[in-house]
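Asker: Offset between the sequence shown (1-based) and the working numbering: plus 960.
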Amino acid sequence: MFPQKIFRLPPTILTGAGCIAKIGEEVLKLGSKRVLIITDAILVKLGAVDGVKESLQKKQVEYAVFDDIPTEPTIDYVKAGIKAYRENDCDCIFALGGGSAIDTAKAVSIMLTNDGDISAYMGLDKVKNKGVPLICAATTSGTGSEVTSVTIITDTTNDVKMLIGSSYLIPQVAIADPLMTVSMPKALTAATGMDALCHAIEAYVSLKASPMSDIFALSAIKLLAGNLRQAWANGNNLEARDKVMMGALKAGVAFSNSSVTLVHGMSRPIGANFHVPHGLSNAVLLSTVMEFSLIANPTRFACVAKAMGENIHGLPDVEAAKLSVHAVKNLISDIQIPSMQDCGIDAAKLNEKAPLMADAAIASGSPGNNPRQVSKDEIIALYKKAFTCIP
Ligand SMILES: [Fe+2]
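#1: Could you tell me whether any non-hydrogen atom of ligand 1 is closer than 8 Å to the CB of Val-1220?
#2: DSSP state of Met-1144, grouped into three classes?
#3: Check whether the stretch 1044-1054 touches the stretch 986-1003, counting contact only when three or more Cβ pairs, one atom from each stretch, lie closer than 8 Å.
#4: For Glu-1014, does the count of other Cβ atoms within 10 angstroms reach 16, so buried, or fall short, so exposed?
#5: Starting from Lys-1121 and walking both ways along the beta strand (DSSP E), at which residues does that stretch end?
#6: Is it buried or exposed for His-1273, if we count other Cβ within 10 angstroms and need 16 for buried?
#7: What residues match up with Glu-1022 in a beta bridge as DSSP calls it?
#8: Grab me the residues of Ile-1029's own chain with a C-beta within less than 8 Å of its C-beta, minus the 5 sequence neighbours each way, in chain order.
#9: So, are the CB atoms of Val-1225 and Ser-1324 less than 9 Å apart?
#10: Roughly how many whole angstroms lie between the Cα atoms of Thr-1117 and Lys-1039?
#11: Taking one C-beta from the stretch 1280-1298 and one from the stretch 1178-1194 each time, how about it: are there three or more such pairs within less than 8 Å?
#12: Heavy atom of ligand 1 less than 8 Å from the Cβ of Thr-1103, yes or no?
#13: Starting from the Cα of Ala-1098, find the closest Cα among Val-1068, Asn-1089, Asp-1137 and give me that residue.
#14: Any heavy atom of ligand 1 closer than 8 Å to the CB of Cys-1303?
#15: Under 8 Å from any heavy atom of ligand 1, does the C-beta of Gly-913 make it?
#16: Measure the CB-CB distance between Ala-1134 and Leu-1209 and report whether it falls below 9 Å.
#17: So if DSSP puts Ser-1057 in a beta bridge, which residue, or which two residues, is it bridged to?
#18: Grab me the residues of Gln-1017's own chain with a C-beta within less than 8 Å of its C-beta, minus the 5 sequence neighbours each way, in chain order.
#19: Indicate, with yes or no, if ligand 1 has a heavy atom lying under 8 Å from the CB of Asp-1063.
#20: Count the other C-beta atoms from every protein chain shown that fall within 10 angstroms of the C-beta of Ala-1308, then say buried if there are 16 or more, exposed otherwise.
#21: Thinking Ser-1101 and Ser-1127 are a contact (beta carbons under 8 Å), I'd like their distance in whole angstroms, please.
#22: Buried or exposed for Ser-1216, going by 16 or more other Cβ atoms inside 10 Å?
#23: Is DSSP giving Ala-1280 helix, strand or coil here?
#24: DSSP three-state call for Val-1087: helix, strand or coil?
#25: Could you tell me if the beta carbon of Asn-1242 falls within a distance shorter than 8 Å of some heavy atom in ligand 1?
#26: Three-state secondary structure (DSSP) at Cys-1158?
#27: So Ile-1035 and Val-1068 are in contact, right, with Cβ under 8 Å, and what is the actual spacing, rounded?
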């Protein structure tokens, strides 16, 4: 018998090249008439918002644009987004961007219908009321934020990254149009793609995995491992871009329902202490953490190896599981993910900070979902091992 689980995802998901042109129709289906577009100024400058405006105009939907989004969403930007929504008398939010625009939009949506300070909703299932209608379109293939039930907002006063998790944060409509990703530079394609692969692998080996999340996680691993090289090598390869974007979306659905594990738990402190982008801080840890963890569930890691294209025929699970690490190392090498040293991480500073980073990793709760349980000393050792490994 399977244990009881709840599986959630957006009720409407648009995929395929050019699907963003349907935004006007989707706004009307939500019963809305005036949209606040939350995006960043660079996307506006690149013309990425033009097609959205055209689609809205065709359906006589009015809009206002809020494009003051930083690289890291903060409480102040959420407040500014709420102000823009109210001043423009909007009844729906459309987020276009990477994780920052979407995370800001999610927070704005719930803070329009929930009283008090956003910090009161930090943690899981604290949000009391559903937010205003929310549509999210991704412009990178990484975070999966367009389909997930979480947002991360930085409290700059207390220097805390607040994770808020609630089913009310799942957008009503998610849009994954690969045309939005063709201009991504190679390094961003590699880093965001590895973030998505981490989501998929972690979701699959997580102690909270379920039969439903497994379907999305395994499919995501296949799509990402089979197409990330091609998307990286030629950004105009629309078929590869489409498959990587679908992989990132499926990985988002998977981890939103089964949680990430030790890799993400350890990567957030790297980001906080060394300002390494999120995708890279995951990528430099992934193979080391998989090597450490596979003994706890070799069957699952053997399936990861197979999904990544390794030939595991006739091998005992433990040997097949090791091929998952091999597959990750090969991919990382092929798409030129830099080492921790090349990411600017200093050995002495890492040694000094590792105990506090391990505390932060454990406090995040993510390591608790890892198949192999891990102590603080083991996390410290894993940071040091990942540093000396060529990823
Ligand atoms: Fe991530």
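The beta-carbon is built from N, C-alpha and C at its ideal position, and this holds for glycine as well.
Remember, it's a predicted structure, so these values are computed and weren't measured experimentally.
Answerer: On the basis of the supplied data:
#1: Residue mapping note: residue 1220 aligns to position 260 of the sequence shown, counting from 1. True, at least one ligand heavy atom lies under 8 Å from that Cβ.
#2: As a first step, residue 1144 is located in the sequence shown; it is residue number 184 there, counting from the start. Residue state, collapsed to three classes: coil.
#3: Taking a cut-off of 8 Å on C-beta distances, the stretch 1044-1054 touches the stretch 986-1003, as three or more cross pairs fall below it.
#4: Counted from its first residue, the sequence shown places residue 1014 at position 54. Burial is judged here by how many other beta carbons sit within 10 angstroms of a residue's own beta carbon; Glu-1014 has fewer than 16 and is exposed.
#5: Translated into the one-based positions of the sequence shown, residue 1121 becomes position 161. Unbroken beta strand (DSSP E) run through Lys-1121: 1120-1125.
#6: Within the sequence shown, residue 1273 is the residue found at index 313, counting from 1. Exposed: under 16 other Cβ atoms inside 10 Å.
#7: Numbered from 1 along the sequence shown, position 62 holds the residue referred to as residue 1022. Glu-1022 has Arg-994 as its beta-bridge partners, per DSSP.
#8: Numbered from 1 along the sequence shown, position 69 holds the residue referred to as residue 1029. Exclusion of the five residues before and after Ile-1029 leaves Ile-998, Thr-999, Asp-1000, Ala-1001, Tyr-1037, Gly-1057, Ser-1060, Ala-1061, Thr-1064 as the residues of its chain whose Cβ lies within less than 8 Å of its Cβ.
#9: Against the sequence shown, residue 1225 aligns to sequence position 265. Against the sequence shown, residue 1324 aligns to sequence position 364. First, the amino acid is wrong: residue 1225 is Gly here, not Val. Yes. Within cutoff.
#10: For the purposes of this step, residue 1117 is taken as the residue at position 157 of the sequence shown. For the purposes of this step, residue 1039 is taken as the residue at position 79 of the sequence shown. Note on geometry: alpha-carbon atoms of Thr-1117 and Lys-1039 lie some 14 Å from one another.
#11: The answer is yes - the stretch 1178-1194 touches the stretch 1280-1298, with three or more Cβ pairs under 8 Å.
#12: Counting from one through the sequence shown, the residue named residue 1103 turns up at place 143. Result yes, Cβ under 8 Å from ligand 1.
#13: As a position in the sequence shown, residue 1098 is number 138, starting the count at 1. When only C-alpha atoms are compared, the closest one is Asp-1137.
#14: Working through the sequence shown from its first residue, we reach residue 1303 at position 343. Checking the Cβ of Cys-1303 against ligand 1 gives no.
#15: Past the boundaries of the shown model lies residue 913; the chain is included only from 961 to 1351, so the question cannot be answered.
#16: Walking along the sequence shown from the start, residue 1134 turns up at place 174. Walking along the sequence shown from the start, residue 1209 turns up at place 249. Contact flag set, yes.
#17: If you number the sequence shown from 1, residue 1057 lands on position 97. Looking at the sequence provided, one finds Gly at residue 1057 rather than Ser. Looking at the DSSP assignment, Gly-1057 forms a beta bridge with Ala-1098.
#18: Taking the first residue of the sequence shown as 1, we reach residue 1017 at position 57. Residues of the same chain with a CB within less than 8 Å of the CB of Gln-1017, apart from the 5 flanking positions on each side, are Gly-984 in chain order.
#19: Here residue 1063 refers to the residue found at position 103 when the sequence shown is read from its first residue. Distances from the CB of Asp-1063 to the heavy atoms of ligand 1 are all 8 Å or more.
#20: Translated into the one-based positions of the sequence shown, residue 1308 becomes position 348. Burial is judged here by how many other beta carbons sit within 10 angstroms of a residue's own beta carbon; Ala-1308 has fewer than 16 and is exposed.
#21: The residue labelled residue 1101 in the question sits at position 141 within the sequence shown. The residue labelled residue 1127 in the question sits at position 167 within the sequence shown. Actually they do not touch by this definition, with Cβ atoms about 24 Å apart.
#22: Residue 1216 sits at position 256 when you count from the first residue of the sequence shown. By the Cβ-count criterion, Ser-1216 is buried, with 16 or more other Cβ atoms from all chains shown falling within 10 Å of its own Cβ.
#23: In the sequence shown, counting from the first residue as 1, residue 1280 sits at position 320. In the structure shown, Ala-1280 sits in a helix (DSSP, three-state: H, G or I).
#24: In the sequence shown, counting from the first residue as 1, residue 1087 sits at position 127. In this structure, Val-1087 counts as coil in the three-state DSSP scheme.
#25: Residue 1242 sits at position 282 when you count from the first residue of the sequence shown. Correct: Asn-1242 has its Cβ closer than 8 Å to ligand 1.
#26: On the sequence shown, position 198 is the one that residue 1158 refers to. Residue state, collapsed to three classes: helix.
#27: Taking the sequence shown and counting its residues from 1, the one referred to as residue 1035 is at position 75. Taking the sequence shown and counting its residues from 1, the one referred to as residue 1068 is at position 108. With a contact defined as Cβ atoms closer than 8 Å, Ile-1035 and Val-1068 miss out at about 11 Å.
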